[in-house]
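A.B. asks:
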Amino acid sequence: MIWYRLQSVIILSLVFLSLTNCKSQRIKNNITNKLETPFYNNQFTGLLVVNAKNSDTVFSYNASKYFTPASNTKIFTLYSALQLLPTYIPAFKYKTEGDTITILGTGNPTFLHPFFNDSTALKMAKNYKHVKLIYNNLDDEKFGPGWAWEDYDTYFSPERSSFPMYANVATISKTDSLRVIPQVLSQNVTEVFTPKRRNYNDNIFYYNKKNQDTIEVPLVIDSTLIKQLWQTIYPNKITFVKASNKPFDQVAYSNIASDSLYKRMMEVSDNFLAEQMLIMASSTLSDTLSSQKARTHILKYQLNDLKQEPRWVDGSGLSRYNLFTPTSFVQVLTKLYNDIPQERLFNLFPVGGKTGTLKRYYKGGNEPYIYAKSGTVGNNYSLSGYLITNSGETLIFSFMNNHYRKSTVEVKHHMESVFEWLRDNY
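When we follow full-length UniProt numbering, the leftmost residue of the sequence shown carries the number 1, and every step to the right adds one.
1. So, with DSSP's three-state summary, where would you put isoleucine 172?
2. Following the continuous beta strand (DSSP E) through glutamate 141, name the residue where it begins and the one where it ends.
3. Can you name the start and end residues of the alpha helix (DSSP H) that histidine 403 belongs to?
4. Rounded to whole angstroms, how far is the Cβ of proline 109 from the Cβ of phenylalanine 272, which I believe are closer than 8 Å?
5. Go ahead and pull the three-state DSSP assignment for alanine 257.
6. Taking 7 Å as the limit between beta carbons, can you name the residues of its chain near asparagine 137, skipping five residues before and five after?
7. State the beta-bridge partners of leucine 225 as determined by DSSP.
8. Below 8 Å, can you find three or more Cβ-Cβ pairs linking the stretch 392 to 401 to the stretch 65 to 81?
9. So glycine 315 and methionine 277 are supposed to be a Cβ contact under 8 Å. How far apart are they, rounded?
10. Could you tell me whether the Cβ atoms of proline 114 and valine 251 are closer together than 8 Å?
11. So is tryptophan 149 buried or exposed if we call it buried at 16+ other beta carbons inside 10 Å?
12. Mind checking whether serine 258 and alanine 81 have CB atoms under 8 Å apart?
13. Alpha carbon to alpha carbon, how far is glutamate 141 from leucine 383? Give it in angstroms, no decimals.
14. Unbroken beta strand (DSSP E) runs of length 3 or more, entirely within the stretch 32 to 82: which are they?
15. Within a Cβ cutoff of 7 Å, which residues of the same chain sit near residue 467, ignoring the five residues on either side of it in sequence?
16. Which word fits proline 341, buried or exposed, when buried means at least 16 other C-beta atoms lie within 10 angstroms of its C-beta?
17. Is there contact between the stretch 163 to 170 and the stretch 178 to 186, where contact requires at least three CB pairs shorter than 8 Å?
18. Across the stretch 318 to 335 and the stretch 35 to 48, are there enough close Cβ pairs to call them in contact, namely three or more that are closer than 8 Å?
19. Compute the distance between the beta-carbons of asparagine 30 and tryptophan 421, then report whether it is under 8 Å.
20. Please list, in chain order, all residues of the same chain as tyrosine 262 whose beta carbon is under 7 Å from its beta carbon, the five residues on each side excluded.
21. Arginine 179 bridges to which residues according to DSSP?
22. When the Cα of lysine 246 is compared with those of Leu306, Ile134, Phe143 and Gly356, which residue comes out closest?
23. Decide yes or no for the touch test of the stretch 205 to 217 against the stretch 51 to 61: beta carbon pairs closer than 8 Å, at least 3 of them.
24. What's the C-alpha gap between alanine 281 and asparagine 42?
25. Who are the near neighbours of serine 391 in its chain, counting only those whose CB is closer than 7 Å to its CB and skipping five residues on each side?
26. Drop a sphere of 10 angstroms on the beta-carbon of valine 332, count the other beta-carbons inside from all chains shown, and report buried for 16 or more, exposed for fewer.
27. How many Å lie between lysine 123 and lysine 237 at the Cα?
28. Taking all protein chains shown into account, decide if asparagine 304 is buried (16 or more other Cβ within 10 angstroms of its Cβ) or exposed.
29. Among Arg360, Gly356 and Val351, whose alpha-carbon lies nearest the alpha-carbon of proline 368?
30. For phenylalanine 156, collect the residues of the same chain with a Cβ closer than 6 Å to its Cβ; drop the 5 residues on either side in sequence, then sort them by chain order.
31. When DSSP labels each residue in this structure, what does threonine 334 get in the three-state scheme?
32. Determine the burial state of glycine 146: buried for a count of at least 16 other Cβ atoms within 10 Å of its Cβ, exposed for fewer.
33. Going by DSSP, what residue range makes up the alpha helix (DSSP H) through glutamate 275?
34. Can you list, in chain order, the residues of its chain with a C-beta nearer than 7 Å to that of isoleucine 388? Leave out the 5 residues immediately preceding and following it.
35. For serine 18, which residues in the same chain have their Cβ closer than 6 Å to its Cβ, ignoring the five residues on either side in sequence?
36. Classify proline 114 as helix, strand or coil using the three-state DSSP reduction.
Right under this line is the structure:
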């Protein structure tokens with residue numbers, strides 16, 4: 001009797017393994033056939049899909065190869081911020097002495113930002129007769145390594161700084177007359193027929209007469225502009241001083257939840273927020289701000305188990321110097337999935353067919369099935385995140401495409417066919 005039962009168990013186990021192997025082989029064959037069609041002949045493609053529940057590899061194709069990730073880099077930035085930043089944004093560091101407050105920037109991107117409009121610094125400065133501002137505590141250059149120089153006047157490429165104001169852009173719009181924020185720069189804007197939006201090295205702006213849209217033009221951040229902006233807010237109250245070696249042990253926090261910053265960065269793929277987020281994360285390590293310091297810290301202490309160490313040079317993914325593998329993205333996405341409640345985590349990512357950069361793609365049926373971050377830069381498109389199957393499983397994936405000459409829309413549609421097949425058949 002015992003031997004009979006043992007035989008039954010062995011037979012059932014073999015049947016289960018056989019069915020599992022058949023399913024795995026069917027998935028491998030189907031997706032491989034999709035990726036080895038002529039469409040993919042002249043580009044470089046990588047895909048890794050892992051089951052979130054048991055970490056089993058569902059499909060792997062060039063998963064350990066390095067790719068240009070574009071804005072998929074923001075997944076690493078998100079992870080870093082979640083590791084280093086508190087629940088609410090650190091607005092600035094400060095010291096007080098009598099009727100004087102000395103303020104040190106933390107890289108906080110929300111101060112007077114058009115979307116967040118944080119005014120913590122204004123409210124605190126109002127209570128003091130004298131305000132000293134330190135503006136030279138950033139080690140980073142204003143542009144990241146490998147950024148395209150010709151993007152200097154485009155909305156997605158603002159300069160990095162230690163104490164950003166107005167998102168480091170001039171916002172220009174027109175109804176009956178031109179409206180400029182910050183208003184003090186109104187005299188620097190000219191209406192002309194030109195595609196150029198700003199002079200290369202100074203804050204002289206151009207608004208195309210044919211244009212009726214609101215435009216955001218990066219500011220040239222220098223001491224002259226910073227003083228002009230602050231003196232407009234608090235005339236004769238602000239002085240500027242250089243950083244000293246004395247540490248700042250007091251931090252003023254804004255009432256802006258860090259998650260709202262993360263969601264905005266991920267949903268609309270905001271490069272400025274991403275860059276400043278890494279800088280702000282470094283403020284928890286030192287008074288001297290450095291996104292490189294934050295990246296090094298994360299790779300050394302939190303991500304030292306990555307199977308392939310990335311070349312990670314900025315927070316946004318604007319740089320083509322960045323190199324990441326699908327495996328690295330899946331590893332970090334897995335850490336996020338294991339550390340953060342699903343409802344909160346998925347709320348931070350764009351939703352297929354619903355929000356942000358994925359609003360027009362990966363729609364699914366009645367319910368969304370893709371929660372992921374896209375990355376787009378000329379001839380490169382990637383998507384990494386989470387896929388919910390019809391059977392209720394969560395798959396973690398990174399699908400990377402480099403060096404194609406076809407349209408990105410075509411690439412997305414081919415990717416979508418893979419995702420939909422996984423959704424329906426896994």
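Ideal Cβ positions, reconstructed from N, Cα and C, are used throughout, including at glycine.
Predicted model only: the values in this text are computed from it and were never measured.
C.D. replies: By the coordinates alone:
1. As a position in the sequence shown, residue 172 is number 172, starting the count at 1. For isoleucine 172, the three-state secondary structure derived from DSSP is strand.
2. By one-based count along the sequence shown, residue 141 stands at place 141. Element bounds for glutamate 141: n/a, residue is neither H nor E.
3. Position 403 of the sequence shown, counted from the first residue, corresponds to residue 403. Unbroken run through histidine 403: none, as it is neither H nor E.
4. Within the sequence shown, the letter at position 109 stands for residue 109. Within the sequence shown, the letter at position 272 stands for residue 272. Between phenylalanine 272 and proline 109 the Cβ distance is about 6 Å, and since that is below 8 Å, they are a contact.
5. Residue mapping note: residue 257 aligns to position 257 of the sequence shown, counting from 1. In the three-state reduction of the DSSP assignment, alanine 257 falls in the strand class, which pools E and B.
6. The residue labelled residue 137 in the question sits at position 137 within the sequence shown. If we look at asparagine 137 and ignore the five residues flanking it on each side, its Cβ neighbours are Leu104, Gly105, Ser162, Ala243, Asp287, Thr288 and Leu289.
7. Position 225 of the sequence shown, counted from the start, is the residue given in the question as residue 225. Looking at the DSSP assignment, leucine 225 forms no beta bridge with any residue, so it has no partner.
8. Yes, they touch.
9. Residue 315 sits at position 315 when you count from the first residue of the sequence shown. Residue 277 sits at position 277 when you count from the first residue of the sequence shown. For glycine 315 against methionine 277, the beta-carbon gap comes to about 6 Å, under 8 Å, which counts as contact.
10. Reading the sequence shown from its first residue, position 114 is the one you call residue 114. Reading the sequence shown from its first residue, position 251 is the one you call residue 251. Not in contact: proline 114 and valine 251 (Cβ atoms no closer than 8 Å).
11. In the sequence shown, residue 149 corresponds to position 149, counting from 1. By the neighbour-count criterion, in which 16 or more other beta carbons inside 10 Å mark a residue as buried, tryptophan 149 falls on the exposed side.
12. Within the sequence shown, numbered from 1, the residue matching residue 258 stands at position 258. Within the sequence shown, numbered from 1, the residue matching residue 81 stands at position 81. Yes, these two residues count as a Cβ contact at 8 Å.
13. Here residue 383 refers to the residue found at position 383 when the sequence shown is read from its first residue. Here residue 141 refers to the residue found at position 141 when the sequence shown is read from its first residue. Spanning the alpha carbons of leucine 383 and glutamate 141 requires a straight line of approximately 29 Å.
14. The DSSP assignment places complete beta strand (DSSP E) segments of no fewer than 3 residues inside the stretch 32 to 82 at 44 to 51 and 57 to 61, in order along the chain.
15. Here the chain covers residues 1 to 426 and nothing more, so residue 467 does not appear.
16. Here residue 341 corresponds to residue number 341 of the sequence shown, with the count starting at 1. So proline 341 counts as exposed.
17. They touch, by the three-pair rule.
18. Judged by Cβ distances under 8 Å, the stretch 318 to 335 makes contact with the stretch 35 to 48, as three or more pairs qualify.
19. Translated into positions along the sequence shown, residue 30 becomes position 30. Translated into positions along the sequence shown, residue 421 becomes position 421. Yes, Cβ-Cβ distance for asparagine 30 and tryptophan 421 is below 8 Å.
20. Reading the sequence shown from its first residue, position 262 is the one you call residue 262. The answer, listed in chain order, is Leu78, Ala81 and Leu348.
21. In the sequence shown, residue 179 corresponds to position 179, counting from 1. Answer is Ser173, bridged to arginine 179.
22. Counting from one through the sequence shown, the residue named residue 246 turns up at place 246. Looking at the Cα atoms, Ile134 is the closest of the given residues.
23. No contact exists between the stretch 205 to 217 and the stretch 51 to 61.
24. Translated into positions along the sequence shown, residue 281 becomes position 281. Translated into positions along the sequence shown, residue 42 becomes position 42. Those two C-alpha atoms are separated by around 40 Å.
25. Here residue 391 refers to the residue found at position 391 of the sequence shown. A distance below 7 Å between beta-carbons, with the five flanking residues on each side excluded, links serine 391 to the following residues of its chain, in chain order: Tyr426.
26. The residue given as residue 332 occupies position 332 in the sequence shown. Per the 10 Å Cβ criterion, buried.
27. Within the sequence shown, residue 123 is the residue found at index 123, counting from 1. Within the sequence shown, residue 237 is the residue found at index 237, counting from 1. Taking C-alpha positions only, lysine 123 is separated from lysine 237 by approximately 14 Å.
28. Taking the first residue of the sequence shown as 1, we reach residue 304 at position 304. Burial check for asparagine 304: the Cβ neighbour count within 10 Å stays below 16, so the residue is exposed.
29. Numbered from its first residue, the sequence shown carries residue 368 at position 368. Here the closest residue by C-alpha is Val351.
30. For the purposes of this step, residue 156 is identified with residue 156 of the sequence shown, where counting begins at 1. Excluding residues up to 5 positions away in sequence, Asn271 lie with their Cβ nearer than 6 Å to the Cβ of phenylalanine 156 in the same chain.
31. For the purposes of this step, residue 334 is taken as the residue at position 334 of the sequence shown. DSSP, read as helix, strand or coil, puts threonine 334 in helix.
32. Within the sequence shown, the letter at position 146 stands for residue 146. By the neighbour-count rule (16 or more Cβ atoms within 10 Å), glycine 146 is not buried but exposed.
33. Position 275 of the sequence shown, counted from the first residue, corresponds to residue 275. Run containing glutamate 275: 271 to 282, per the alpha helix (DSSP H) assignment.
34. Numbered from its first residue, the sequence shown carries residue 388 at position 388. For isoleucine 388, the CB contacts under 7 Å within the same chain, skipping 5 residues up- and downstream, are Tyr369 and Thr394 in chain order.
35. Taking the sequence shown and counting its residues from 1, one reaches residue 18 at position 18. Unreliable positioning characterises serine 18 in this predicted model, as indicated by a pLDDT of 49, which lies under 50. The coordinate reading is nonetheless provided below. No residues qualify anywhere along the chain.
36. In the sequence shown, counting from the first residue as 1, residue 114 sits at position 114. Residue state, collapsed to three classes: coil.
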